[in-house]
Each structure stands twice: as structure tokens, then as C-alpha cells.
Amino acid sequence: MTTAATVVAALATGWALWTLAEYLLHRFAMHMLHGRGIMSREHLEHHVTSGWSFDVTHLMSWAGMLLVGAVVWAPLGGVLVGPAAGVALAVGWAFGYFFYEYQHAASHLRAPRTRYQRLVRRHHFHHHFGAPMANHGVTAPFWDHVFGTHQRPERVRVPRRLALPWLVDADGEVRPAFADDYVLVGAADPDARLLQLDRVRAFASAAPAD
Ligand SMILES: [Zn+2]
Ligand SMILES: [Zn+2]
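Heads up: the sequence shown begins at 245 in the working numbering, then just goes up one per residue.
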């Protein structure tokens with residue numbers, strides 16, 4: 245018989261499996277493929293401008309991750325533990341995935357409101373602007389500690405031309421609330437050569453130049 249505790253454990257396991265997938269996909273399927281395949285290409289395009297906007301390719305990702313839950317985790321959990329645990333495993337996985345999608349988009353678009361959101365942004369924007377081959381976890385820095393890719397600089401260096409909209413005030417300077425965590429570097433108005441270099445460096449999984 246499947247108990248409530250088993251279902252809760254399966255939900256948590258599904259979520260944890262997602263955080264591991266989030267790390268592995270981001271590191272190996274996105275950054276180490278250097279633009280080969282749609283997943284890598286879309287992600288490295290995201291690094292070129294560090295912007296976030298909805299795109300139809302998101303629907304493919306959403307459908308793909310739900311499919312993995314339905315055809316891998318639900319049957320596997322069903323065989324190993326029982327049907328209810330299988331469904332819970334898939335639901336935990338899907339929840340983790342959509343939590344990631346939300347936190348990632350929100351990080352780019354909105355200022356942090358909680359300690360957790362502040363930590364997620366600091367971790368992720370050092371990945372964008374300081375070390376694209378570090379800090380692969382987005383919602384959970386845990387796996388970066390496990391695999392030795394965790395970096396935490398004193399302050400995250402952000403090229404002015406790539407500054408997040410919430411980070412800067414009307415004069416283009418870091419808002420006082422975020423001055424302990426971020427410092428702006430470089431010029432605000434890049435020339436064509438620098439924009440081209442941003443693309444080349446993003447696809448090489450290298451940090452943008454100052
Ligand atoms: Zn990002
Ligand atoms: Zn990345």
C-alpha cells in the first residue's frame with residue numbers, strides 16, 4: 245500500500261531529480277556543445293544578450309520535460325514503488341522544472357524580493373558575466389558544490405551594456421540596494437565589434453569582455 249509519506253518522498257525525489265537534470269543539461273547539453281543542437285543554440289543566444297523573452301521554443305521545452313515525466317519517471321516509479329508514487333515522482337519532476345523556468349525568467353526580469361531570490365540571481369549572473377563554465381545550477385547551487393563548479397565572487401561584475409533592467413537606475417548606475425552584490429564594468433554603448441565579440445564569446449562559453 246502506498247502511504248502519504250511515500251507520495252511525499254516521491255514528490256521530493258522527483259524535484260531533486262529535476263535539480264540534477266537542470267545542472268547536467270545546462271553544463272553538458274547547453275554549454276559544452278557550443279551551439280550544436282537547438283537546446284545549446286537557444287541557450288547560448290540567451291547568453292549573447294542576457295535578456296529573457298517568451299519564445300515558441302519554450303513550448304517545445306515544456307512539452308519535452310512533461311513527456312520525460314510521463315514516459316520515464318511515472319512508469320519507473322510505478323514499477324519500483326507503485327502507481328501513486330510513480331505519478332508523484334513525475335509531478336515532483338514537472339514542478340521542479342516549472343519552478344526553474346519561473347525563477348530563471350524572473351531573475352532576468354525582476355529585482356529579488358527574498359533572500360532566496362537574491363542568492364539565485366547572484367549565482368546565475370556570475371555564471372552569465374563572470375564564469376559561464378561555473379554555477380550551472382539555477383534553482384539549487386547544491387550540485388555546483390558537489391561537482392566543484394561553485395564560484396562566489398565578492399561582487400558580480402556586470403558589463404554595463406548587458407545590465408539587467410532591474411539592476412540599474414535611470415542614470416544607468418547600480419541601484420544602492422544591490423551595490424553590495426554587483427559592480428558595473430565597461431561602456432554602456434558598445435560598438436559593432438564588441439557586439440560581435442559578445443556572440444563569439446557566448447558560443448565559446450566564455451564570459452563577455454569588459
Ligand atoms: Zn540566464
Ligand atoms: Zn548558461
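The beta carbon of each residue, even a glycine, is placed where N, CA and C say it ideally should be. Predicted model, so just to flag it, every value in this text is computed and none were measured.
Under 7 Å, Cβ to Cβ, is there at least one residue of chain B near residue i?
| i | result |
| --- | --- |
| residue 362 | Protein chains in the displayed structure number just one, and chain B is not present. |
Can you tell me which of the three DSSP states residue i falls into?
| i | result |
| --- | --- |
| residue 400 | strand |
| residue 325 | coil |
| residue 350 | helix |
| residue 263 | helix |
| residue 358 | coil |
| residue 253 | helix |
| residue 453 | coil |
If you measure between the beta carbons of residue i and residue j, is that distance less than 7 Å?
| i | j | result |
| --- | --- | --- |
| residue 432 | residue 405 | yes |
| residue 326 | residue 246 | yes |
| residue 446 | residue 291 | yes |
| residue 429 | residue 454 | yes |
| residue 250 | residue 307 | no |
| residue 343 | residue 383 | yes |
| residue 265 | residue 310 | no |
| residue 301 | residue 286 | yes |
| residue 366 | residue 425 | yes |
| residue 334 | residue 318 | yes |
| residue 422 | residue 411 | yes |
Three or more C-beta pairs below 8 Å linking the region 260-277 and the region 408-418: Contact between the region 260-277 and the region 408-418 is not established, with fewer than three Cβ pairs separated by less than 8 Å.
Whole beta strand (DSSP E) elements within the region 364-451, 3-residue minimum: Correct list: 400-403, 426-429.
Quiz: which residues have CB nearer than 6 Å to ligand 1 non-hydrogen atoms: That gives 290, 348, 352, 368, 372.
contact_flag[the region 369-381, the region 246-256] where n(CB pairs < 8 Å) is 3 or more: They do not touch, by the three-pair rule.
Those runs of the alpha helix (DSSP H) which lie wholly inside the region 277-338 and span at least 4 residues: Runs of the alpha helix (DSSP H) inside the region 277-338: 282-293, 300-312, 318-324.
Stretch-stretch touch, CB-based, cutoff 8 Å, three pairs: the region 381-395 with the region 362-373: At 8 Å Cβ cutoff, the stretches touch.
Any 3 or more C-beta pairs closer than 8 Å across the region 344-355 and the region 281-301: Segments in contact, yes.
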